[in-house]
Amino acid sequence: MTTTIKIGRLVRCAIVKDLPGRDVYLVLVAGTDLLAYLPKRFAGREYGQGEETVAAVFVMGKGKIFLSQRSPQYFRRITEEVLSPIIRDGRVRVRRAASVINGPFAKVSVEGLGEVDPLMASLPYLDRVKEYTTDTITIVRYSADMKEYIVNSLVPAPADKVVEVLYSQGLREAVVKVDPRYCGFFVGKGGANVATAAKLLNVRIMIKGAGQEAGGREGICADGRN
């Protein structure tokens, strides 16, 4: 594991102490004499003094280093770590990661190179994610076709329940019309699924119930902003 101190990099560290009244752990970055902070709200779990863990460099400035185990950088790096065998073999490439505050999961976009299905290629390795986080990492199939990519980003919602995707490249906005009976699956608890998808693609995504009722009425289920 690299000890280069750079935003987005994974570093191994040891808990020095729990700073009372500050809701933050003081940690020592392995391979250096540098001290850093791991805020408890960005920690994957509770830690005791002397425990070792891995985190991503999140913020650097004014002589302070802050780490995170809940940031998009962290989820991207640990996915790259667990998928390293098939990344080295040139089978897949990690494109992007996204998470939302207090969301119990992250989405990571993975591109299959050649004829490789990135999801099927990744599945045998994903169990190792548990070594790094208790959060769920959902693999999203990357696609150069933006409409297809938008549908893919909304997993685990059922893709076959998407009726139509309207996408404006200029506005970076999309309206996804779905079977109204499945709106909740696309939106997710508290809107977390569509919000995370929007961040992953850097696109505003509106989930709309397709007009399948008498009179063709449609209603917006949720609006995920990037």
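Numbering-wise (this note's numbering), the sequence shown opens with residue 302 and increments by one. Glycine included, C-beta positions come from ideal geometry on N, C-alpha and C. All values derive from a computational prediction rather than experimental measurement.
### Message
Going by DSSP in three states, Pro340 sits in which element: helix, strand or coil?
### Response
strand
### the segment 456 to 476 touching the segment 490 to 505, judged by at least three CB pairs closer than 8 Å
yes
### Task
Please report the Cβ distance between Phe406 and Thr435, rounded to the nearest whole angstrom; I am assuming they are in contact, meaning their Cβ atoms lie under 8 Å.
Distance from Phe406 to Thr435 at the Cβ level is roughly 10 Å; contact not present, criterion being Cβ atoms closer than 8 Å.
#### Entry: Same chain, Cβ closer than 7 Å to Val488, five either side skipped, listed in chain order
Asn494, Val495, Ile508, Cys522, Ala523
### Message
Distance check for Leu329 and Ala337, CA to CA, integer angstroms please.
### Response
6 Å
### Message
Please classify Ser385 as buried or exposed, where buried requires at least 16 other C-beta atoms within 10 Å of its C-beta.
### Response
exposed
### Query
Alpha carbon to alpha carbon, what distance is there between Phe486 and Gly512?
Rounded to whole angstroms, Gly512 to Phe486 spans 18 Å at the Cα level.
### Query
Taking the DSSP output, what are the residues bridged to Ile438?
Ala407
### CA nearest to the CA of Glu381, picked from Arg526, Val476, Leu311
Leu311
### Query
With a cut-off of 8 Å, does the C-beta of Glu465 fall near any C-beta of chain C?
The structure shown contains no chain C; it holds only a single protein chain.
### Message
I need the straight-line Cα distance from Gly491 to Ala398, nearest angstrom please.
### Response
20 Å
### Length-filtered (3 minimum) beta strand (DSSP E) runs lying within the segment 406 to 482
406 to 413, 437 to 442, 463 to 469, 474 to 479
#### Entry: Nonlocal neighbours in the same chain, by C-beta distance under 8 Å from Ile308, ignoring five residues either side
Val358, Phe359, Val360, Met361, Gln374
### Message
Whole angstroms are fine: how far does the CA of Tyr483 sit from the CA of Arg518?
### Response
In this prediction, Arg518 scores a pLDDT of 48, lower than 50, which makes its location untrustworthy; the coordinate-derived value is nonetheless stated afterwards. Those two C-alpha atoms are separated by around 16 Å.
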